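Each residue of the sequence shown is one higher than the one before, counting from 18 in this note's numbering.
Every residue gets a Cβ at the ideal spot worked out from N, C-alpha and C, and that includes glycine.
In this text, all values refer to a predicted model and were calculated from it rather than measured experimentally.
The structure under discussion appears below in the form of structure tokens.
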Amino acid sequence: MEEAKRAVDNKLTEITRWISESSEKAELDKLIEALDKAKTNARELNNVPDGTTGKVDLQTRLDGIVQ
């Protein structure tokens, strides 16, 4: 089990290094920024009054994305 954990850690390090050294890092950073902005906008749902049609369904969908 320790060997498998070490292998996973090594592969993760390799992938992380590749991403940080590649031209795709800028694209990844843009996607992360867009996701953070979308999460911030989604939190505005808290301002919608309870009982508003569709709020519960939308909250359920958003909860699935955030996790």
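Per DSSP, Thr69 lies in no alpha helix (DSSP H) and is assigned neither H nor E. In this structure, the straight-line span from the alpha carbon of Glu61 to that of Lys72 is close to 11 Å. Across the structure, Lys56 and Asp67 are spaced so that their CA atoms are roughly 20 Å apart. The continuous alpha helix (DSSP H) containing Asn27 extends over residues Glu19 to Glu38.
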